[in-house]
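Undergrad: Sharing a structure below in structure tokens format, with a few things to ask.
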């Protein structure tokens with residue numbers, strides 16, 4: 014399970030790095046096209062990634078156990 018989580022984390026880091034580079038590349042090569050939808054997708058992706066990280070890093074369980082006390 015740990016290996017699968019590290020692979021997913023690595024995949025998310027790569028995607029998070031490639032999306033802004035893709036937007037910059039497309040803006041330079043095709044300046045007439047609007048790429049706002051890519052920015053929106055990037056924001057949604059980062060939100061999902063942070064949620065994933067919170068749930069699977071153990072911080073969520075610590076927070077819940079603190080609330081139950």
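In my numbering, the protein residues as written are 14 to 82.
For each residue, glycine too, the CB sits at the ideal point set by N, CA and C.
All figures in this text were calculated on a predicted structure; none of them were measured in a lab.
1) Taking the straight line between their C-alpha atoms, what separation do you get for residue 57 and residue 78?
2) Compute the Euclidean distance between the alpha carbons of residue 47 and residue 32, then round it to the nearest angstrom.
3) Assuming contact is defined by CB atoms lying nearer than 8 Å, are residue 51 and residue 36 in contact in what I supplied?
4) Taking the alpha helix (DSSP H) that residue 61 belongs to, which residues open and close that run?
5) Closer than 7 Å by C-beta to residue 25: which residues in its own chain qualify, once you throw out the five before and the five after it? Chain order, please.
TA: Working from what's here:
1) 28 Å
2) 15 Å
3) yes
4) 49–69
5) 62
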